[in-house]
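Asks: Protein chains in written order, with my numbering: chain A, 438 to 772; chain B, 91 to 475. Here a beta-carbon is modelled for each residue, glycine too, at the ideal position from N, C-alpha and C. The structure presented is a predicted model; accordingly, all values stated were derived computationally and were not measured. Okay, handing you the structure first.
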Amino acid sequence: MLNRFMQSRLQGLVVLTLILIILPAFLSNPFHYELATQIAILAATVVGLNLLVGFAGQISLGHAGFFGLGAYFSGIATGTYGWPSVPALVAGAIIVGIIAWIVGRPILRLKGHYLSMATLAVGFIIAIILNNERAITGGPDGMPVPAFEVFGWELSPFGTYSLFGLEISGVQAWYMFSSVILLLAVWFALNLIQSPIGRALRSVKGSEVAASVVGVDTAKYKSLVFVISAIYASLMGGLYAHFQGFITPAIASFEFSILFITMVVLGGMGSTFGVILGAVVLKLLPQVLADFQDLEHVMFGLILMLTMIFMPKGLLPTLTAAVSKRIRKKTGGEA
Amino acid sequence: MLKTMIRRAGKCAVIAAAGLMMMSAQAAEPIKIGSFLSVTGPASFLGDPELKTLEMYVEKINEEGGVLGRQLELIHYDDVGNASSARNFASRLIRSDRVDIIVGGSTTGATMAAVPLIEQAQVPFISLAGAVVITTPVKKWVFKTPQSDRMAAERILTDMKDRGITRIGLISGTGGFGSSGRTQTLEVAEQMGMEILADVTYSGSDTDMTAQLTNIRNTKGVEAVLNFGFGQGPAIVTRNYAQLGMELPFYQSHGVASDSFLELAGSSAEGLRLPASPLLVPDSLPDDDPQKEVVQNYKAEYESRWDSKVSTFGAYAYDGLMLAVRAIEEAGSTDPEAVRNALENIKGYVGVTGEFNMSPEDHNGLDADSFRILEVQNGEWKLIN
Chain A
438 MLNRFMQSRL
448 QGLVVLTLIL
458 IILPAFLSNP
468 FHYELATQIA
478 ILAATVVGLN
488 LLVGFAGQIS
498 LGHAGFFGLG
508 AYFSGIATGT
518 YGWPSVPALV
528 AGAIIVGIIA
538 WIVGRPILRL
548 KGHYLSMATL
558 AVGFIIAIIL
568 NNERAITGGP
578 DGMPVPAFEV
588 FGWELSPFGT
598 YSLFGLEISG
608 VQAWYMFSSV
618 ILLLAVWFAL
628 NLIQSPIGRA
638 LRSVKGSEVA
648 ASVVGVDTAK
658 YKSLVFVISA
668 IYASLMGGLY
678 AHFQGFITPA
688 IASFEFSILF
698 ITMVVLGGMG
708 STFGVILGAV
718 VLKLLPQVLA
728 DFQDLEHVMF
738 GLILMLTMIF
748 MPKGLLPTLT
758 AAVSKRIRKK
768 TGGEA
Chain B
91 MLKTMIRRAG
101 KCAVIAAAGL
111 MMMSAQAAEP
121 IKIGSFLSVT
131 GPASFLGDPE
141 LKTLEMYVEK
151 INEEGGVLGR
161 QLELIHYDDV
171 GNASSARNFA
181 SRLIRSDRVD
191 IIVGGSTTGA
201 TMAAVPLIEQ
211 AQVPFISLAG
221 AVVITTPVKK
231 WVFKTPQSDR
241 MAAERILTDM
251 KDRGITRIGL
261 ISGTGGFGSS
271 GRTQTLEVAE
281 QMGMEILADV
291 TYSGSDTDMT
301 AQLTNIRNTK
311 GVEAVLNFGF
321 GQGPAIVTRN
331 YAQLGMELPF
341 YQSHGVASDS
351 FLELAGSSAE
361 GLRLPASPLL
371 VPDSLPDDDP
381 QKEVVQNYKA
391 EYESRWDSKV
401 STFGAYAYDG
411 LMLAVRAIEE
421 AGSTDPEAVR
431 NALENIKGYV
441 GVTGEFNMSP
451 EDHNGLDADS
461 FRILEVQNGE
471 WKLIN
């Protein structure tokens with residue numbers, strides 16, 4: 438029974454849902470809710486990125502570019518032109534998807550270092566455009582973004598709302614909203630991985646030559662997953678912008694791209710729940726270490742380094758492997 | 091019997107007195123001053139002296155008995171020059187640490203990212219960043235201590251006009267400081283009826299600006315050149331300017347008003363002018379200048395405490411902290427509304443950066459004259475006016 442549950446594809450989703458429901462018991466002030474919301478949004482982004490990196494075995498060092506584009510598209514469409522939030526999000530995602538498709542076709546022919554350099558360049562170009570088009574984006578000083586709004590109902594981190602007779606604050610509402618988004622993102626990713634597309638992607642990762650020999654259109658699947666992960670990034674970028682209320686080109690920067698990739702690698706490439714853990718750790722660590730002042734960055738680097746040395750497969754895969762090994766040992770001893 | 095009773099009563103009294111004293115000590119909770127600064131990262135040249143200044147003067151104020159009989163407690167975080175982490179730390183300061191006032195925000199991006207939150211949470215905030223957008227339009231809870239880039243542009247163009255220059259070649263960096271400065275210069279020039287004949291830019295990583303300068307040199311009618319930029323770019327522009335043998339009057343912005351710029355630019359800086367804080371020339375100020383004493387003290391105290399050169403950016407933090415203290419004293423409490431109102435009504439505070447006269451329409455409180463025009467002569471700053 439337990440075993441069957443462990444193997445089921447939905448067990449992770451159930452666990453994640455439970456965690457998200459129980460978590461508020463440990464959040465004592467609005468700041469914690471804010472952090473949790475940000476983590477959920479970033480986690481959903483890396484779940485998308487993981488499809489590309491973990492499953493298809495391709496690398497993107499420019500993913501913050503797509504995240505930033507989505508954020509700025511939402512910000513400009515709703516702020517400057519007064520669009521409603523949802524159409525802006527969708528339109529932004531479509532445009533980013535098209536851009537990703539156009540740049541993805543040629544650059545995904547590249548492999549290894551060349552691919553990472555090409556994606557790096559895409560990210561840089563986007564960041565530079567956001568920085569320099571002052572008239573549209575507000576330049577390096579950034580631009581304000583209005584609150585998220587659905588059918589005239591505004592979801593602002595500063596408001597108060599009543600839900601089933603309970604009064605909840607704006608950050609709590611955002612927490613719930615972003616939790617649902619994260620669950621949807623995970624659900625979609627899990628289904629995609631189990632689908633024929635997912636199998637094709639894993640075959641590409643295993644060996645591109647072998648995949649094409651057995652009839653997988655590798656170029657098609659690679660650009661498809663590139664587009665999907667870019668759309669993930671764009672949608673989450675848009676939500677992030679609405680939640681933050683103010684964006685600067687830093688969210689499209691190289692550092693941010695690296696942060697995304699680090700979340701994937703640290704959490705565990707190819708593990709959907711692992712990368713969520715990666716997002717949690719990387720977003721929480723700086724806050725936890727903030728009290729150490731001068732040693733903050735040294736400790737941050739040291740923790741990352743040690744994790745990668747002793748857990749090269751990433752946090753979650755290593756931990757689950759250790760746990761299941763123990764369980765097997767125990768049950769083996771009993772039998 | 092009676093003796094023991096008296097003894098017991100005495101003990102009780104002592105314990106009660108001790109308890110009372112402890113209670114009163116507890117009642118005087120420290121006043122929490124929150125700060126998020128770019129202490130490390132690309133903007134560390136701003137955040138580092140700012141943090142040092144805050145630490146040093148909070149210590150000093152506490153030694154002198156604190157404010158309203160309460161000690162100050164400085165809670166600070168490093169935003170690494172990243173706007174979204176600045177916002178997060180602002181949130182942490184307000185919601186988790188529950189600070190009474192915030193003095194911080196080294197860059198305009200960091201400040202503006204935190205502003206919506208601060209306005210909503212209604213906490214008085216004194217920003218240490220430059221751009222004019224921070225206090226224009228006026229935001230109820232947001233104040234700032236540095237002069238805006240607009241004032242710098244006004245000051246430079248006024249000085250040019252006094253020298254009979256009306257046609258300018260402008261070269262600016264594409265970073266936040268340079269591009270904001272460029273926009274302000276274009277606007278101010280139009281208002282003052284001056285012409286920008288050439289308008290070229292360079293990016294922060296460029297290592298040679300000869301092409302842009304040649305472009306300006308070949309533009310007919312240019313009478314002076316102005317460079318608005320930050321970091322190493324302006325030093326390179328200065329050196330290229332000398333290498334090209336350009337003779338036109340040359341102006342830099344307040345962004346490079348530091349001794350390290352003089353070292354970088356070397357002898358090619360000779361003759362250039364820029365608007366700057368009096369902090370660069372404390373001893374040449376006339377004795378009747380009200381700022382002279384403040385400026386000299388700050389410089390001496392900072393340099394003896396940290397054994398490093400004083401910088402104008404640290405002075406922004408000095409003024410920010412002193413304005414906060416003054417406002418809290420005036421308000422007689424840390425009630426946010428009262429402190430905010432007191433801040434808004436501060437008049438005639440003489441700081442290192444200038445004389446502050448806040449008003450409901452002006453949350454910066456400085457005028458363009460708080461900038462002094464300096465000229466480089468024999469490798470040193472010389473006060474012009």
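So the beta strand (DSSP E) ILE746 of chain A belongs to, where does it begin and stop?
Replies: Position 309 of the first sequence, counted from the start, is the residue given in the question as residue 746 of chain A. It is not in any beta strand (DSSP E) - ILE746 of chain A instead sits in the alpha helix (DSSP H) that spans 733-747.
Asks: Closer than 9 Å between beta carbons: that is the criterion. Which residues of the stretch 665-684 of chain A meet it against chain B?
Replies: If the cut-off is 9 Å between Cβ atoms, the stretch 665-684 of chain A has TYR677, GLN681, GLY682, PHE683, ILE684 near chain B.
Asks: Could you tell me if ASP425 of chain B is buried or exposed, where buried requires 16 or more neighbouring beta carbons within 10 angstroms of its beta carbon?
Replies: Walking along the second sequence from the start, residue 425 of chain B turns up at place 335. ASP425 of chain B should be labelled exposed.
Asks: Check the Cβ of TYR341 of chain B against every Cβ in chain A and list those closer than 9 Å, keeping chain order.
Replies: For the purposes of this step, residue 341 of chain B is taken as residue 251 along the second sequence, with counting starting at 1. The premise fails here: TYR341 of chain B is roughly 22 Å from chain A at the closest Cβ pair, so nothing lies under 9 Å.
Asks: What are the boundary residues of the beta strand (DSSP E) that LYS472 of chain B is part of?
Replies: The sequence position of residue 472 of chain B within the second sequence is 382, counting from 1. Residues 470-473.
Asks: By DSSP, does TYR774 of chain A sit in helix, in strand, or in coil?
Replies: This structure does not reach residue 774 of chain A, given that chain A is present from 438 up to 772, and the question cannot be answered.
Asks: Around the Cβ of PHE599 of chain A, are there at least 16 other Cβ atoms within 10 angstroms (buried) or fewer (exposed)?
Replies: Mapped onto the first sequence, residue 599 of chain A falls at position 162. First, the residue type needs correcting, since residue 599 of chain A is Ser and not Phe in the sequence shown. Under this definition SER599 of chain A is an exposed residue.
Asks: How do the stretch 668-679 of chain A and the stretch 559-578 of chain A stand: do at least 3 beta-carbon pairs fall below 8 Å, yes or no?
Replies: The stretch 668-679 of chain A vs the stretch 559-578 of chain A: no contact.
Asks: Once the 5 residues before and after HIS679 of chain A are set aside, which same chain residues still bring their CB inside 7 Å of it?
Replies: By 1-based counting over the first sequence, the position of residue 679 of chain A is 242. Around HIS679 of chain A: SER511, SER522, VAL582, ALA584, PHE585.
Asks: Excluding the 5 residues flanking ARG416 of chain B on each side, which residues of the same chain have their C-beta closer than 8 Å to its C-beta?
Replies: If you number the second sequence from 1, residue 416 of chain B lands on position 326. The residues are ALA432, ILE436, TYR439.
Asks: According to DSSP, TRP590 of chain A sits in a beta bridge with which residue or residues?
Replies: Taking the first sequence and counting its residues from 1, the one referred to as residue 590 of chain A is at position 153. In the DSSP output, where bridge partners are listed per residue, TRP590 of chain A has A:VAL587.
Asks: Suppose only complete runs of 4+ residues qualify. What are the alpha helix (DSSP H) ranges in the stretch 227-263 of chain B, listed by chain order?
Replies: Qualifying alpha helix (DSSP H) stretches, in chain order: 239-252.
Asks: How big is the Cα-Cα spacing for GLY422 of chain B and ARG160 of chain B?
Replies: Here the question's residue 422 of chain B lines up with position 332 in the second sequence. Here the question's residue 160 of chain B lines up with position 70 in the second sequence. Taking the straight line from one Cα to the other gives about 11 Å.
Asks: Answer yes or no: does any C-beta atom of chain B fall closer than 8 Å to that of PRO543 of chain A?
Replies: Here residue 543 of chain A refers to the residue found at position 106 of the first sequence. It does not: the Cβ of PRO543 of chain A has no partner Cβ on chain B nearer than 8 Å.
Asks: Just mark ASP168 of chain B as buried or exposed, buried being the case when its beta carbon has 16 or more other beta carbons within 10 Å.
Replies: Counting from 1 along the second sequence, the entry for residue 168 of chain B is found at position 78. ASP168 of chain B should be labelled buried.
Asks: Do you know how far the Cα of ILE184 of chain B is from the Cα of MET241 of chain B?
Replies: Here residue 241 of chain B refers to the residue found at position 151 when the second sequence is read from its first residue. Here residue 184 of chain B refers to the residue found at position 94 when the second sequence is read from its first residue. Using only the alpha carbons, I get a separation of about 31 Å.
Asks: Quick check on LEU127 of chain B: does DSSP put it in helix, strand or coil?
Replies: Translated into the one-based positions of the second sequence, residue 127 of chain B becomes position 37. If DSSP states are grouped into helix, strand and coil, LEU127 of chain B belongs with the strands.
Asks: For PRO723 of chain A, which residues of its own chain have a beta-carbon under 7 Å away from its beta-carbon, when the five flanking residues on both sides are left out?
Replies: Position 286 of the first sequence, counting from 1, holds the residue named residue 723 of chain A. The residues are PHE737.
Asks: List the residues of chain B whose Cβ lies closer than 8 Å to the Cβ of PRO581 of chain A, in chain order.
Replies: Along the first sequence, one-based indexing puts residue 581 of chain A at 144. The contacting residues are MET202, PRO206.
Asks: Which residue's Cα is closest to the Cα of PHE267 of chain B: B:GLU391, B:LEU136, B:THR309, B:SER357?
Replies: Position 177 of the second sequence, counted from the first residue, corresponds to residue 267 of chain B. If we check each option's Cα against that of PHE267 of chain B, B:LEU136 comes out closest.
Asks: Given VAL371 of chain B, which residues of its chain have a CB within under 8 Å of its CB, disregarding the five upstream and five downstream residues?
Replies: On the second sequence, position 281 is the one that residue 371 of chain B refers to. Within the same chain, VAL371 of chain B has close Cβ partners ARG462, LEU464, TRP471, LYS472, LEU473.
Asks: Is MET673 of chain A buried or exposed, if buried means 16 or more other CB atoms sit within 10 Å of its CB?
Replies: As a first step, residue 673 of chain A must be located in the first sequence, where it is residue number 236. Classification of MET673 of chain A: buried, given that the 10 Å Cβ count is 16 or more.
Asks: Against chain B, does ALA772 of chain A count as a neighbour if the rule is that its beta carbon must be under 8 Å from one of theirs?
Replies: Stepping through the first sequence from its first residue, residue 772 of chain A is reached at position 335. Because ALA772 of chain A sits at a pLDDT of 44, beneath the cut-off of 50, its placement in the model cannot be relied upon, and the following sentence gives the value as read from the coordinates. No, ALA772 of chain A lies away from the interface with chain B (no Cβ there is under 8 Å from its Cβ).
Asks: Determine which residues of the stretch 583-616 of chain A have a Cβ less than 7 Å from any Cβ of chain B, and write them out in chain order.
Replies: Residues passing the 7 Å Cβ filter: PHE595.
Asks: Would you call the stretch 257-271 of chain B and the stretch 284-295 of chain B touching, i.e. three or more CB-CB distances under 8 Å?
Replies: These segments touch.
Asks: Going by the DSSP bridge assignment, what does GLY194 of chain B pair with across the sheet?
Replies: By 1-based counting over the second sequence, the position of residue 194 of chain B is 104. Paired residues: B:SER217.
Asks: Around the C-beta of THR517 of chain A, are 16 or more other C-beta atoms found within 10 angstroms, so that it is buried, or is it exposed?
Replies: For the purposes of this step, residue 517 of chain A is taken as residue 80 along the first sequence, with counting starting at 1. Flag for THR517 of chain A reads exposed.
Asks: Closest to SER63 of chain B by CA distance: which of B:ALA390, B:MET146, B:TYR406, B:ILE192 is it?
Replies: The requested residue 63 of chain B does not occur in the structure, where chain B is confined to residues 91 to 475.
Asks: Starting from the beta carbon of SER270 of chain B, find every residue of chain A whose beta carbon is closer than 9 Å, and list them in chain order.
Replies: Counting from one through the second sequence, the residue named residue 270 of chain B turns up at place 180. Chain A residues near SER270 of chain B: ARG571, GLY576, PRO577, ASP578.
Asks: Mind checking who TYR341 of chain B pairs with in its DSSP beta bridge?
Replies: Looking up residue 341 of chain B in the second sequence gives position 251. Note: TYR341 of chain B sits in a beta bridge opposite B:LEU316, B:ARG363.
Asks: Is DSSP giving MET580 of chain A helix, strand or coil here?
Replies: Within the first sequence, residue 580 of chain A is the residue found at index 143, counting from 1. In this structure, MET580 of chain A counts as strand in the three-state DSSP scheme.
Asks: Who are the neighbours of ALA727 of chain A on chain B, taking C-beta pairs under 7 Å?
Replies: Residue numbering aside, residue 727 of chain A sits at position 290 when the first sequence is read from its first letter. Simply TYR167.
Asks: Run through DSSP, which three-state label would THR309 of chain B get?
Replies: By 1-based counting over the second sequence, the position of residue 309 of chain B is 219. Looking at THR309 of chain B - three-state DSSP - the assignment turns out to be coil, as it is neither helix nor strand.
Asks: By Cβ distance below 8 Å, which residues in the same chain neighbour ILE513 of chain A in space, the five residues on each side in sequence not counted?
Replies: As a position in the first sequence, residue 513 of chain A is number 76, starting the count at 1. Taken in chain order, the residues that qualify are ILE573, THR574, MET580.
Asks: Roughly how many whole angstroms lie between the Cα atoms of LEU714 of chain A and LEU753 of chain A?
Replies: Sequence index remark: in the first sequence, residue 714 of chain A carries index 277 (1-based). Sequence index remark: in the first sequence, residue 753 of chain A carries index 316 (1-based). Straight-line Cα distance between these residues: approximately 7 Å.
Asks: Take the Cβ of ALA774 of chain A as the centre, count every other Cβ of all protein chains shown within 10 Å, and call the residue buried at 16 or more, exposed below.
Replies: Outside the displayed span of chain A (438 to 772) sits residue 774 of chain A, for which this structure offers no information.
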